[in-house]
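**Student:**
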Amino acid sequence: MKKCLILTSILLLLSGCSGNWGWYVVDPTTSSGWTNLKFMAFGAYYTILISVTAILISVVVGLLVALPGLSEKRGWRMFNRTYVEIVRSVPILVLILWVYYGLPTVSGITLSVFWAGVLALALSDSAFQAEIFRAGIQSIGRGQYEAAQSVSLNYRDTMRYIILPQAIRRILPALGNQLVYMLKMSSLVSVIGLQELTRKANELVVSEYRPLEIYTILVLEYLVLILIVSAGVRWFERRLKASDT
Amino acid sequence: MTIISMCDVSKFFGDFQALKDVSLDVALGERVVICGPSGSGKSTLIRCINGLEAHEVGDIVVAGTTLTADPADLEKVRGNVGMVFQQFNLFPHLTVLDNLCLGPRRVLGLTQVQARERAMTYLERVQISEQADKFPRQLSGGQQQRVAIARSLCMEPRILLFDEPTSALDPEMIAEVLDVMTELALSGMTMIVVTHEMGFARRVADRMVFMDKGEIVEVGAPQDVFNAPKSKRFEKFIKQILNH
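Each protein sequence line maps, in turn, to chains A and B.
Just remember that our numbering sits 224 ahead of the position in the first sequence, which is counted from 1.
Just remember that our numbering sits 41 ahead of the position in the second sequence, which is counted from 1.
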């Protein structure tokens with residue numbers, strides 16, 4: 225009964241119950257609707273590509289920024305704090321605009337839309353990654369370092385084989401969060417013209433004048449994408465846990 | 042032959058002086074048991090020997106290397122000195138076998154096959170080879186501590202330090218760890234053991250060291266110091282720990 229109701233309401237919604245809806249723009253049974261849908265869906269390519277590239281870079285940069293934050297030397301810690309505080313205070317949209325329009329003037333380096341987006345997203349996210357890594361590494365007890373020292377492991381091996389594997393297990397949920405966050409933030413790169421999901425939707429709106437339907441599809445696209453990613457992260461966490469026992 | 046020589050060593054934690062002009066020589070093959078009330082500096086003393094704590098004053102020479110802040114010196118000293126901790130400090134994300142193999146492979150440069158072979162030898166020695174593929178938390182406390190001892194042995198150190206190795210164990214597991222330690226002692230390993238297990242001390246120690254408030258108060262053969270303690274503080278301590 226409940227299922228029936230939901231189904232009818234979806235059907236009503238799709239058929240345009242009040243006449244104000246125009247689902248024909250994304251109706252897969254018509255050739256123009258199908259073309260529009262394909263046009264929108266292909267934006268997923270850049271959304272995924274830019275998010276994954278940016279998160280990979282930001283994890284590495286975040287780790288490199290986190291390590292000096294754990295140093296006993298004040299100077300190293302200051303570097304960590306300064307980086308985190310400054311990068312964290314710049315809104316992502318502002319950073320994207322600055323990297324794309326400002327950086328070429330300052331440095332003479334012109335980046336493609338894609339790499340400007342990657343740089344801005346990765347930079348912005350790295351400050352958060354650094355904090356996540358720092359917390360994760362700090363949660364590992366002193367005894368682990370001492371045990372590593374007592375078998376003469378050097379700093380690099382201690383981090384690589386003892387501390388980081390344990391820290392990463394603990395911060396995995398937070399890293400998964402960051403990936404979801406990144407997928408959503410990548411929509412901002414549409415402002416400099418990257419052909420990702422949001423940009424595609426915007427372009428279609430301009431030619432079809434059907435914002436409601438097109439943005440609804442856009443919402444669904446992000447929803448599906450992120451639900452898949454969340455499920456993947458959870459699967460990975462379970463697998464790590466299983467390998468522990 | 043003296044393998045560890047400590048001369049007028051002092052150690053501070055902020056304003057608190059944890060060690061006060063401590064001097065102690067340990068000969069190769071000697072078994073030294075250190076006891077004393079909590080906060081007396083006994084753990085700090087042995088942690089200074091492998092550089093887990095840096096001392097501020099005095100000299101510590103281990104197997105010919107003077108301990109300084111220089112990482113190269115620390116590395117040399119730690120190559121000669123193994124340590125067993127109160128809380129075992131096994132690596133929880135690695136199997137027993139991998140716990141043992143990591144040091145030999147990364148530090149001593151053994152191949153995987155060589156490291157495994159060595160690890161199994163020492164696991165057999167602590168009678169726990171059947172647990173090689175388990176993770177630490179699947180083992181009992183006593184088993185974990187024996188694995189920790191095997192992990193230290195895998196680096197084939199000349200000296201083994203024990204920092205209250207049985208204090209975190211349930212009573213029924215203390216014996217299995219002490220048995221392993223006794224076997225080690227009889228095999229001629231140089232050992233410095235911080236413990237309150239006076240039975241073990243009597244059986245195994247060549248020398249007893251009693252510490253209180255950061256100082257070495259009394260040193261002597263176990264039968265001498267137990268039967269005729271020279272200082273009031275040691276006498277009181279023995280009474281306290283033997284009276285219950």
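Cβ atoms here follow ideal geometry from the backbone N, Cα and C, with glycine treated the same way.
1. Could you check how far apart the C-beta atoms of ILE44(B) and LEU69(B) are, in whole angstroms? I think they sit under 8 Å.
2. So, with DSSP's three-state summary, where would you put PHE57(B)?
3. For the region 173-236 of chain B, which segments carrying the beta strand (DSSP E) assignment without a break, of at least 3 residues, lie completely within its bounds, in sequence order?
4. Please go through the same chain and pick out, in chain order, the residues whose beta-carbon is closer than 8 Å to the beta-carbon of ARG458(A), but skip the five residues on each side of it.
5. Give me the residue from GLY261(B), VAL250(B), LEU201(B), ARG187(B) with the minimum Cα distance to GLU217(B).
6. Grab the span of the alpha helix (DSSP H) containing GLU71(B) for me, first residue to last.
7. Go through its chain and collect everything with a Cβ distance to THR152(B)'s Cβ below 8 Å, but skip five positions before and after it.
8. Under 7 Å Cβ-Cβ, which residues of chain B neighbour GLY171(A)?
9. Please work out which residues of its chain come closer than 6 Å, Cβ to Cβ, to ILE279(A), disregarding the five sequence neighbours upstream and downstream, and give them in chain order.
10. Determine the contact status of VAL74(B) and LEU65(B), defining contact as a CB-CB distance below 9 Å.
11. At a Cβ threshold of 9 Å, is GLN362(A) touching chain B?
12. Can you tell me where the alpha helix (DSSP H) with ILE392(A) in it begins and where it stops?
13. Quick check on SER313(A): buried or exposed, where buried means 16 or more other Cβ atoms within 10 Å of its Cβ?
14. Which residues, in chain order, does the region 369-387 of chain A contribute to contact with chain B at a C-beta distance below 7 Å?
15. So if DSSP puts LYS52(B) in a beta bridge, which residue, or which two residues, is it bridged to?
16. Between PRO315(A) and chain B, is any beta-carbon pair separated by less than 9 Å?
17. Indicate the three-state DSSP secondary structure (helix, strand or coil) for GLU256(B) in the structure shown.
18. With DSSP as the reference, label SER84(B) as helix, strand or coil.
19. In whole angstroms, what separates the C-alpha of VAL63(B) from that of ARG366(A)?
20. Where DSSP assigns a beta bridge to MET124(B), which residues make up the other side?
21. Taking 9 Å as the threshold (C-beta atoms), are PRO263(B) and ALA246(B) in contact?
22. Would you give the residue range spanned by the beta strand (DSSP E) that PHE103(B) belongs to?
23. State buried or exposed for PRO397(A), treating a residue as buried only when at least 16 other CB atoms are found within 10 Å of its CB.
24. Using 8 Å for Cβ pairs, my map puts GLY293(A) next to ALA354(A). What's the rounded Cβ distance?
25. Can you name, in chain order, every residue of its own chain whose Cβ lies under 8 Å from the Cβ of GLU243(B), other than the five neighbours on each side?
26. With a cut-off of 8 Å, do at least 3 Cβ pairs link the region 431-442 of chain A to the region 243-262 of chain A?
27. Taking just the CA atoms, how far does PHE357(A) sit from ILE395(A)?
28. Once you ignore the five residues that flank LEU347(A) on each side, which residues in its own chain have a CB closer than 7 Å to its CB?
29. Would you list the residues sitting across from THR106(B) in a DSSP beta bridge?
30. Would you call the CB atoms of LEU219(B) and ALA191(B) closer than 9 Å?
**Tutor:** Straight from the coordinates:
1. In the second sequence, counting from the first residue as 1, residue 44(B) sits at position 3. In the second sequence, counting from the first residue as 1, residue 69(B) sits at position 28. With 8 Å as the limit, ILE44(B) and LEU69(B) qualify as a contact, their Cβ atoms being about 5 Å apart.
2. For the purposes of this step, residue 57(B) is taken as the residue at position 16 of the second sequence. Strand at PHE57(B).
3. 200-204, 231-235
4. Along the first sequence, read from residue 1 onward, the residue named residue 458(A) stands at position 234. Once the five neighbours on either side are set aside, the close Cβ partners of ARG458(A) are GLY400.
5. Locating residue 217(B) in the second sequence gives position 176, counting from the first residue. When only C-alpha atoms are compared, the closest one is ARG187(B).
6. Translated into the one-based positions of the second sequence, residue 71(B) becomes position 30. First-last for GLU71(B): undefined, no H or E at that position.
7. Sequence index remark: in the second sequence, residue 152(B) carries index 111 (1-based). Within the same chain, THR152(B) has close Cβ partners ARG146.
8. Summary: the structure shown does not reach residue 171(A), with chain A confined to residues 225 through 469, and so no result is reported for it.
9. Start at 1 with the first residue of the first sequence, and residue 279(A) comes out as number 55. Cβ neighbours of ILE279(A) beyond the five flanking positions: LEU403, MET406.
10. Here residue 74(B) corresponds to residue number 33 of the second sequence, with the count starting at 1. Here residue 65(B) corresponds to residue number 24 of the second sequence, with the count starting at 1. Not a contact, by the Cβ cut-off of 9 Å.
11. To locate residue 362(A), count along the first sequence from 1; it is residue 138. No - not a single Cβ of chain B is within 9 Å of the one on GLN362(A).
12. Here residue 392(A) refers to the residue found at position 168 of the first sequence. Run containing ILE392(A): 388-409, per the alpha helix (DSSP H) assignment.
13. The residue you call residue 313(A) lines up with position 89 of the first sequence. Burial call: exposed.
14. GLU370, ALA371, GLN373, SER374, VAL375, SER376, LEU377, ASP381, TYR385, ILE386
15. For the purposes of this step, residue 52(B) is identified with residue 11 of the second sequence, where counting begins at 1. LEU60(B), per the DSSP bridge assignment.
16. Within the first sequence, residue 315(A) is the residue found at index 91, counting from 1. Closer than 9 Å: no.
17. For the purposes of this step, residue 256(B) is taken as residue 215 along the second sequence, with counting starting at 1. Looking at GLU256(B) - three-state DSSP - the assignment turns out to be strand.
18. The residue given as residue 84(B) occupies position 43 in the second sequence. Looking at SER84(B) - three-state DSSP - the assignment turns out to be helix.
19. For this step, residue 63(B) is matched to residue 22 along the second sequence. For this step, residue 366(A) is matched to residue 142 along the first sequence. Approximately 26 Å, taken between the alpha carbons.
20. Here residue 124(B) corresponds to residue number 83 of the second sequence, with the count starting at 1. For MET124(B), which the question treats as bridged, DSSP gives the partners LEU202(B).
21. Within the second sequence, numbered from 1, the residue matching residue 246(B) stands at position 205. Within the second sequence, numbered from 1, the residue matching residue 263(B) stands at position 222. For ALA246(B) and PRO263(B), yes; Cβs fall inside 9 Å.
22. Start at 1 with the first residue of the second sequence, and residue 103(B) comes out as number 62. Correcting the residue type first, residue 103(B) is Val in the shown sequence and not Phe. From DSSP, the beta strand (DSSP E) with VAL103(B) extends over 98-103.
23. Within the first sequence, residue 397(A) is the residue found at index 173, counting from 1. Exposed: under 16 other Cβ atoms inside 10 Å.
24. The residue you call residue 293(A) lines up with position 69 of the first sequence. The residue you call residue 354(A) lines up with position 130 of the first sequence. Yes, GLY293(A) and ALA354(A) are in contact; Cβ-Cβ is about 7 Å, under 8 Å.
25. Along the second sequence, one-based indexing puts residue 243(B) at 202. It should be pointed out that residue 243(B) corresponds to Arg in this sequence rather than to Glu. Around ARG243(B): PRO263, GLN264, PHE267.
26. yes
27. Here residue 395(A) refers to the residue found at position 171 of the first sequence. Here residue 357(A) refers to the residue found at position 133 of the first sequence. Looking at the two C-alpha atoms, the distance is approximately 7 Å.
28. The residue given as residue 347(A) occupies position 123 in the first sequence. Counting only Cβ-Cβ distances below 7 Å, and skipping sequence neighbours, we find VAL311, LEU319.
29. As a position in the second sequence, residue 106(B) is number 65, starting the count at 1. VAL103(B), per the DSSP bridge assignment.
30. Along the second sequence, read from residue 1 onward, the residue named residue 219(B) stands at position 178. Along the second sequence, read from residue 1 onward, the residue named residue 191(B) stands at position 150. No. Outside cutoff.
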